[in-house]
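Colleague: Each position in the sequence shown, counted from 1, maps to that position plus 16 in the working numbering.
Glycine residues also receive a C-beta, built at the ideal position from the N, C-alpha and C atoms.
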Amino acid sequence: MSADADKNDQSSTAAIVEPLPLENIFTLFGYLILVVAVALSAFQIWQGITSTISATYFRPVHLSWVLVLIFLHYPLIDNRHNKLYIPGRVVDLILCMLTVFAGYRLWIFDYNDIDHLLYGLSITDLISGCVLLGLLMEGCRRTVGWVMVFIALLFLSYSAFGDLLPGTLATKSYTLQELIQFQIYSANGVFGSALGIAATTVFVFVLFGAFLEVTGAGKFFIDLAFSIAGKYRGGPAKAAVLASAGLGSISGSAIANTVTTGSVTIPMMKKLGYTPEQSAGIEAAASTGGQIMPPIMGAGAFVMAQFTGVPYSDIMLTSIAPAILYFFCTLLYVHLMACKLNLQTQSRTQAVISVMKDGAHHLIPLLLITLLLMLAYSPLLVGVAGCAAVLLTSALRKHSRIGVSKFISGMKNGALLALPISVACGAAGIIVGVVGQTGIGLQFTQFVMDFSGGYLLIALLLVSIVALVLGMGLPVTAAYIVLAVMAVPMLGDFGLPVLSAHLIVFWLSQTSNVTPPIALAAFAGAGVANANPMKSSVEAFKLAGGLFIIPIMMAYTDLLNPDAGLIPFIFALLQATIVIVSIAIAIEGYMLRKLTLVERLIALGAVPLILFNPYNIGVAGIVIILILLALQWRNRDIIETNKSDD
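(1) Assuming contact is defined by CB atoms lying nearer than 8 Å, are residue 74 and residue 112 in contact in what I supplied?
(2) Which residue or residues does DSSP assign as beta-bridge partners of residue 606?
(3) Is residue 207 helix, strand or coil when you go by DSSP?
(4) Does the beta-carbon of residue 316 have 16 or more other beta-carbons within 10 angstroms, so that it is buried, or is it exposed?
(5) Can you round the beta-carbon distance between residue 270 and residue 500 to whole angstroms, since I take them to be within the 8 Å contact cut?
(6) Use the C-beta contact count for residue 658: other C-beta atoms within 10 angstroms, 16 or more gives buried, fewer gives exposed.
(7) Contact criterion: CB-CB distance below 8 Å. Does residue 349 meet it with respect to chain B?
(8) Beta-carbon within less than 8 Å of residue 33's beta-carbon, same chain only, minus the 5 sequence neighbours each way: which residues are those?
(9) Does the separation of the CB atoms of residue 398 and residue 412 fall below 8 Å?
(10) Measuring straight from C-alpha to C-alpha, what distance separates residue 21 and residue 40?
(11) When you compare only the Cα positions, how much space is there between residue 671 and residue 290?
(12) Can you find at least 3 beta carbon pairs, one from the stretch 588–600 and one from the stretch 325–334, that sit closer than 8 Å?
(13) Whole angstroms is fine: what's the gap from residue 479's alpha carbon to residue 107's?
(14) In or out: residue 62 buried (at least 16 other Cβ within 10 Å) or exposed?
(15) For residue 517, which residues from the same chain have a beta carbon less than 6 Å from its beta carbon, with the 5 sequence-adjacent residues on both sides left out?
(16) Given 8 Å as the limit, is there contact between the stretch 547–558 and the stretch 295–311, that is, 3 or more CB pairs closer than that?
(17) In chain order, what are the residue ranges of uninterrupted alpha helix (DSSP H) at least 4 long that sit wholly in the stretch 272–321?
(18) Helix, strand or coil: how does DSSP classify residue 546 here?
(19) Indicate the three-state DSSP secondary structure (helix, strand or coil) for residue 160 in the structure shown.
(20) The alpha helix (DSSP H) spanning residue 104 covers which residue range?
(21) Assign residue 260 to buried or exposed, taking buried as 16 or more other Cβ atoms, counted over all protein chains shown, within 10 Å of its Cβ.
(22) Please report the distance separating the alpha-carbon of residue 286 from that of residue 342.
(23) Are there three or more Cβ pairs, one per stretch, closer than 8 Å when the stretch 172–192 is compared with the stretch 121–133?
(24) Excluding five sequence neighbours on each side, which residues of the same chain lie with their C-beta closer than 8 Å to the C-beta of residue 31?
(25) Tell me which residue opens and which closes the alpha helix (DSSP H) that residue 425 is part of.
(26) Using the three-state DSSP reduction, which class does residue 510 fall into: helix, strand or coil?
(27) Taking the straight line between their C-alpha atoms, what separation do you get for residue 662 and residue 650?
(28) Taking C-alpha atoms, which residue in 239, 43, 531 lies nearest to residue 562?
(29) Could you check which residue in 171, 418, 42 has the C-alpha nearest to that of residue 94?
(30) Would a C-beta distance cut-off of 8 Å place residue 607 and residue 582 closer than the cut-off?
(31) Rounded to whole angstroms, what's the CA-CA distance from residue 717 to residue 357? Just pull it up for me.
(32) Report yes or no: do three or more beta-carbon pairs, one from the stretch 456–476 and one from the stretch 274–281, lie closer than 8 Å?
(33) Starting from the Cα of residue 368, find the closest Cα among 68, 273, 239 and give me that residue.
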């Protein structure tokens, strides 16, 4: 072969192995995202420790940083093989520059100068405000979806054109100048309390969860759950519930938890004998419960503390009993399913002591943050302390010790996980601002009061429907914020305490994850289980029945009122437990053995007696269920005796 031929062959090979310009661009953006995300996490930790920047300036900086990262991480054209990918990336960079420009204008804005209140904003500031509002909508579209954008724009339109509406719906219309002043250059709109909580406490707790994941704590929780529940009937399903209780609140997302724990638990449930739809439904219901489980109850709980003025430690303590009831409800359904299917136990499970020996140190950060929250330390500082505790405790054992690469990965993942929360809270701030500016919340309250006829149960049903509709397109935190602004005053008119009303709304905001026709957590579980999405959502809806039952118990009993006395509180727990059992056995048709149709109807008929206690005969419903249990036990003994005689 000639030298020229060899040279040509080498040139051809070099042309093949040389990265394409498109790949270079993709890699460049990957490094850029890494740097911006890690820098954001570092900045948030620094601000959490020092509180150097005041909230007035910190919130715009946070939102601007988040929007830049969104435009880098969520490209306009997400298919890099599309010929428009590079032009789309150019647009993304332009949006990043516009974000920096708008953020800079807010940074140098003099809030102490009242000229903007007397004479209006300068043209540059007005344009900057409009640009930032538009960028926020685009950031929401990329991370949360069109529904959030549509609702925010609908409320803004109400502020701008409310005078054109008829009757009681009409309100004063506001000019563009007034809208931008209120929404951007004040703490009443985008940069209100919702974004304030997302930019501080929520961010560091999301980062806390990211560090737990990279240090192996997630695997420890799953292993611990299997070691505790795996040896019982339907063990993998019960382990899924326990693992989700421990991991769900840390992940901050029911969908993320469904995919994470479901990748382990769903195949095992299917292997044991659960149908794919049941497996997906169990995991979705359990993962949704993680958002209501103390000590970390998702982003909405921190927003609740800000809205109500109630210390987070009090919210956490008040939420323990309802959360336990929810998981009892889910475990009960799982157990009844296993009994009906006659599923066997696992032959081998790892001993609890062995799991604890390898990973007990992962519990230290959780115990620390629980203790600090109970001692009423600032949740922001508690979150920072939790992040430090995770890194320090992971270093105690060789197998959980992380290097620089995993530390950076945790910093990056924490920032990326926080993006949808921050922009959703910013958009929700628009809605909160419009409600306060126009007074539409009072009109909503009056409408529900009139439509319900003064009956609390009907009002709760209406709020549940609104929560479902909102939840089909909004993240849980955003749905809760909207409902808190609109529905809590109405529930207060029925005599419910502020914290009770907020917790009811908070629970109802979770229902969209498991309720057909759009049940996002159930759909995610169906993807892992290779199951029918709609059937999976029906199973999840049934298993997560506590999300609907327990808020009613919150409204009608002393479940959220331990101050009422120990006896009323215990009776409320008993009421809620019996109601959950009654509904579960009526739906599943199984108690200690298969129920007849008459027995199922009797169990279902006991529910309103226990729940509403008409004419103070609620105890009769409890007695009915206890009698049914005794008859089931007696008949089971007779059946077993006959089998032994045979």
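Modeller: Looking at the atomic coordinates:
(1) no
(2) Beta bridge pairing from DSSP links residue 606 with 610.
(3) coil
(4) buried
(5) Residue 270 to residue 500, Cβ: 19 Å. No contact.
(6) Confidence at residue 658 is low in this model, with a pLDDT of 47, below 50, so its placement is unreliable and the value that follows should be read with caution. Label assigned to residue 658: exposed.
(7) The displayed structure is made up of one protein chain only, and chain B is not part of it.
(8) Residue placement at residue 33 cannot be trusted, given a pLDDT of 42 that sits under 50; what the coordinates show is reported in the next sentence. Here the set comprises nothing.
(9) no
(10) Only weak support exists for where residue 21 lies, its pLDDT of 48 falling under 50; the value from the coordinates is given anyway. A direct Cα-Cα distance of roughly 29 Å separates residue 21 from residue 40.
(11) With the chain running from 17 to 662 in the structure shown, residue 671 is simply not present.
(12) Result no; under three Cβ-Cβ pairs closer than 8 Å.
(13) 41 Å
(14) When all chains shown are included, residue 62 counts as exposed.
(15) Closer than 6 Å at Cβ, skipping near neighbours: 504, 507, 508.
(16) yes
(17) Segments of the alpha helix (DSSP H) lying fully in the stretch 272–321: 292–305.
(18) In this structure, residue 546 counts as coil in the three-state DSSP scheme.
(19) coil
(20) From DSSP, the alpha helix (DSSP H) with residue 104 extends over 101–124.
(21) Counting Cβ neighbours within 10 Å, residue 260 comes out buried, since at least 16 surround it.
(22) 24 Å
(23) no
(24) With a pLDDT of 41 at residue 31, under the threshold of 50, the modelled position of this residue cannot be trusted, and the question is left open.
(25) 420–454
(26) coil
(27) Low confidence applies here, because residue 662 scores a pLDDT of 46, under 50, leaving its location unreliable; read the following figure in that light. C-alpha separation (whole angstroms): 19 Å.
(28) 531
(29) 42
(30) Not a contact, by the Cβ cut-off of 8 Å.
(31) Nothing about residue 717 can be reported from this structure: the residues present for the chain run from 17 to 662 only.
(32) Flag = no, the stretch 456–476 and the stretch 274–281 do not touch.
(33) 239
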